[in-house]
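Following: one structure in structure tokens, then a few remarks.
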Amino acid sequence: MLELLADLHDSELVAGFQRRCGLFLAEAGHHSQEMTRSETGTPVQDEKPRGQLRRSWEHQDNNSNYKYKENGCTTGACSKPQYEVKNWPLHFLFLFSSGLGHEIFYITFLPCIHWNLDPFLCRRLVNMWTMVMYIGQVMKDVLKLPRPCSPPVVKLETRVDAEYGLPSTHAMAAIAISFTFLLSAPSRIQFQFEVGLLLAVTLSSLVCLSRLYTGMHSVLDVICGALISAVILFLTYPYWETFDHFQLTSCISPIVALVLPLFLSYTYPELDHYSTTRGDTTTILGVGAGCSVGYWVNEQLGQTFEPQGVLPVPLPTLTMNALALGAVRFLLGVVALVGTRQVVKTVSLQVLYSWYKVPKNDQSARRRKEIEVPYKFTTYTAVGLVNSILVNRAFILLGLL
542 MLELLADLHD SELVAGFQRR CGLFLAEAGH HSQEMTRSET GTPVQDEKPR GQLRRSWEHQ
602 DNNSNYKYKE NGCTTGACSK PQYEVKNWPL HFLFLFSSGL GHEIFYITFL PCIHWNLDPF
662 LCRRLVNMWT MVMYIGQVMK DVLKLPRPCS PPVVKLETRV DAEYGLPSTH AMAAIAISFT
722 FLLSAPSRIQ FQFEVGLLLA VTLSSLVCLS RLYTGMHSVL DVICGALISA VILFLTYPYW
782 ETFDHFQLTS CISPIVALVL PLFLSYTYPE LDHYSTTRGD TTTILGVGAG CSVGYWVNEQ
842 LGQTFEPQGV LPVPLPTLTM NALALGAVRF LLGVVALVGT RQVVKTVSLQ VLYSWYKVPK
902 NDQSARRRKE IEVPYKFTTY TAVGLVNSIL VNRAFILLGL L
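When you line the sequence shown up against the numbering used here, it's residues 542 to 942, in that order.
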């Protein structure tokens with residue numbers, strides 16, 4: 542079993558997938574020296590002894606910039622390799638699919654469901670996204686397994702290269718969002734379940750494969766991420782209705798929604814080096830907290846903006862007028878969220894810098910826990926509140942809803 546896990550975590554497996562998809566390292570020297578398998582997966586040089594594979598699996602550096610002694614490369618220390626793309630359609634497809642796991646996607650797609658389809662579905666998606674992402678981020682920093690090494694892997698992203706790899710939170714989020722929507726939507730809107738299942742499987746698969754193509758995760762990272770997310774869905778599904786009732790009606794719901802995520806942000810596992818995982822996790826928890834409080838407020842005010850009539854309702858007809866209104870709502874909504882983010886971020890940083898007597902030009906201070914956690918949590922809680930409470934009311938005033 543240990544050998545199988547080591548094989549699935551092998552960087553060469555990822556490099557082989559990239560080459561099959563038409564992505565190659567431009568340095569021929571590195572490519573020829575490091576490649577131990579042909580494009581078909583057949584060994585072309587002596588494989589590493591199983592003992593070396595086992596040692597590389599068992600060894601866990603205290604930094605995610607793991608040093609691969611076998612090939613003399615450090616995942617973070619090597620300069621970004623030049624690469625050659627031989628299949629541009631596949632290249633752009635995987636880059637787009639990988640982007641579905643980034644902040645820019647979540648800050649647009651999830652609110653778009655709220656503004657244009659059904660706030661109920663948006664609430665379910667935000668709840669599950671927050672849960673799986675927190676679990677995945679914590680597991681990364683507890684297990685401390687490195688990302689694939691470059692070379693032989695081509696790395697198309699660099700921002701999260703200092704993070705650990707297992708599990709793939711892109712894979713976790715894609716499966717959680719796709720299948721939460723699939724399981725929740727039939728009671729709300731009319732659609733063919735088979736079509737929804739096909740779309741969910743296709744979207745999840747593309748995101749998972751994109752993490753291999755971009756060189757950010759091993760096969761083991763992606764498989765574990767998918768399985769963990771599936772288990773979470775299976776275990777929580779029977780309690781979704783119960784949690785909905787508590788979230789919307791309990792008098793302690795807003796207190797729990799704010800205190801628990803803030804506590805989890807401050808107690809996030811400590812590392813011996815800076816990583817973006819704590820800040821990203823605080824961002825996610827802040828959005829979840831803000832949205833949860835906002836949906837509770839809407840329920841208390843008796844204006845939830847949910848579809849009227851007998852459920853499930855038909856899907857909206859895609860007329861030119863409906864598309865135009867949807868586009869305007871989308872643009873104005875994004876402007877409202879991005880504006881909120883910028884204003885609250887600026888104000889919270891100024892307050893925290895003044896409180897801790899930090900020079901205003903000290904950008905590195907944002908990495909300090911006592912600054913990073915409160916500013917990110919406050920900023921994205923505000924974003925969640927604006928999304929769930931204010932934006933739809935603004936649309937009504939403007940005659941867009």
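Ideal Cβ positions, reconstructed from N, Cα and C, are used throughout, including at glycine.
Asked, Found
"Where valine 626 falls: helix, strand or coil (DSSP)", "strand"
"Cβ neighbour criterion (16 or more within 10 Å) applied to valine 869", "exposed"
"Beta-carbon spacing of leucine 826, phenylalanine 734 below 8 Å", "no"
"Run of the alpha helix (DSSP H) containing phenylalanine 661, from where it starts to where it stops", "660 to 684"
"Nearest to glutamine 788 (by Cα), restricted to the options Arg752, Asp762, Val838, Val828", "Val838"
"DSSP three-state assignment for leucine 941, whether helix, strand or coil", "coil"
"DSSP bridge partner residues for valine 854 (one or two, in chain order)", "Ile730"
"Cβ-based neighbour list, glycine 756, same chain, cut-off 7 Å, excluding 5 preceding and 5 following", "Val555, Gln559, Pro689, Ser691, Val694, Val695, Lys696, Leu697"
"Asparagine 928 versus leucine 546: straight-line alpha-carbon distance, rounded", "42 Å"
"Reduced DSSP category for phenylalanine 846 - H, G, I as helix; E, B as strand; rest coil", "coil"
"Leucine 723 - DSSP class collapsed to helix/strand/coil", "helix"
"Per-residue DSSP class, three states only, for leucine 697", "coil"
"Other residues of its chain near threonine 824: CB distance less than 6 Å, five sequence neighbours each side excluded", "Lys917, Tyr921"
"Within 8 Å, strictly: CB atoms of valine 800 and leucine 926", "no"
"Cα-Cα separation between aspartate 821 and histidine 655, rounded to whole angstroms", "22 Å"
"Contiguous alpha helix (DSSP H) assignments of at least 4 residues, all confined to the segment 839 to 927", "861 to 896, 910 to 926"
"Beta-carbon spacing of proline 810, aspartate 682 below 8 Å", "yes"
"Residues near methionine 672 by beta carbon distance below 7 Å, same chain, minus five either side", "Ile773"
"Rounded separation between threonine 649 and valine 875 - CA only", "7 Å"
"Phenylalanine 732 and leucine 662 closer than 8 Å at C-beta", "no"
"Alpha-carbon spacing of phenylalanine 635 relative to tyrosine 897, whole angstroms", "43 Å"
"Residue closest to tyrosine 836, alpha-carbon to alpha-carbon, out of Phe784, Phe871, Leu803", "Phe784"
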